[in-house]
């Protein structure tokens, strides 16, 4: 059995095409790989803001027990449809994270492109702590404001790189660490990835990893997306 959802089903569920689809698939694959490195198969995961559910479903295919929540009912309909088509038993619940009530602790919580939607992301992390097992992990992706992409857009186009009205908080390396330091978590893993040059060409975007994949590795603050893993302070971890 394939560990990945057919891309045509991802398109049907998410509505994404072109460069946005390519970037979504790339980020999803890297997120799932990060989960696999930090949480064993069979772990109980909460996918916050699960949207159309393809990340939760691909994790379930691999052997994780996944519960996805989202406050958009139409997205959850797509998630249920996709789970049924893939033959996966994934629980999806319509709820905001603030209102989500769960007595049993999770082994891992996924906050994929979520924290930037809250004016107080630290409060989100403190909420996560209450429903996370003491040995659990939080897996995070969020936009990195001072990325190469952002700088080029501002330089070439004179435009603010992130004009999404739903984004209420902007992260860089320093601000991310400041938010985490206000909680009982420590940063176990931190990395920025992707050049994400300002182009609508899928072909050019696909060449990024070949010719510019080294750039965020050499210049740690330049990647377009922050990938991070948090654990409780009682555990040892590396610096950022």
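Residue numbers (our numbering): 1 to 240. All C-beta atoms in this analysis are idealised placements derived from N, C-alpha and C, irrespective of residue type, glycine included.
Neighbourhood of residue i by C-beta distance below 7 Å, restricted to the same chain and skipping five residues each side
i: residue 15; result: none
i: residue 133; result: 105, 106, 107
i: residue 52; result: 13, 14, 75, 78, 79, 82
i: residue 117; result: 166, 167, 168
i: residue 146; result: 172, 221
i: residue 128; result: 109, 138
i: residue 63; result: 41, 42
i: residue 30; result: 193, 227
i: residue 119; result: 168, 169
i: residue 184; result: 129, 232, 233
Inter-residue Cα distance where the pair is residue i and residue j
i: residue 130; j: residue 141; result: 20 Å
i: residue 203; j: residue 195; result: 14 Å
i: residue 39; j: residue 192; result: 20 Å
i: residue 100; j: residue 72; result: 14 Å
i: residue 34; j: residue 86; result: 22 Å
i: residue 54; j: residue 97; result: 19 Å
i: residue 182; j: residue 10; result: 37 Å
i: residue 2; j: residue 57; result: 12 Å
i: residue 103; j: residue 21; result: 36 Å
i: residue 4; j: residue 24; result: 14 Å
i: residue 47; j: residue 32; result: 12 Å
One or two residues paired with residue i in a DSSP bridge
i: residue 47; result: 68, 110
i: residue 27; result: None, per the DSSP bridge assignment.
i: residue 76; result: In the DSSP output, where bridge partners are listed per residue, residue 76 has none listed.
i: residue 184; result: DSSP, once it has assigned bridges, lists no residue as partnering residue 184.
i: residue 251; result: Beyond the ends of the chain as shown, which are 1 and 240, falls residue 251; an answer cannot be given.
Contacts around residue i, its chain only, beta-carbon distance under 8 Å, and the 5 residues preceding and following it disregarded
i: residue 174; result: none
i: residue 236; result: Low per-residue confidence applies at residue 236: pLDDT is 48, beneath 50, and the placement is therefore not dependable enough to give any value.
Supposed contact pair residue j and residue i - C-beta distance, whole angstroms, cut 8 Å
i: residue 205; j: residue 27; result: Actually they are not in contact, since the Cβ atoms of residue 205 and residue 27 sit about 12 Å apart, beyond 8 Å.
i: residue 139; j: residue 110; result: 5 Å
i: residue 272; j: residue 49; result: What is shown of the chain runs 1 to 240, which leaves residue 272 out entirely.
Cβ neighbours of residue i in the same chain (closer than 6 Å, five flanking residues each side left out)
i: residue 60; result: 66, 88, 90
i: residue 240; result: Its pLDDT being 48, under 50, residue 240 is placed unreliably by the model, and nothing is read from it.
Contact with chain D by residue i, beta-carbon distance below 8 Å
i: residue 97; result: The structure shown contains no chain D; it is built from a single protein chain.
Legend entry - Those runs of the alpha helix (DSSP H) which lie wholly inside the stretch 89-139 and span at least 4 residues: 121-130
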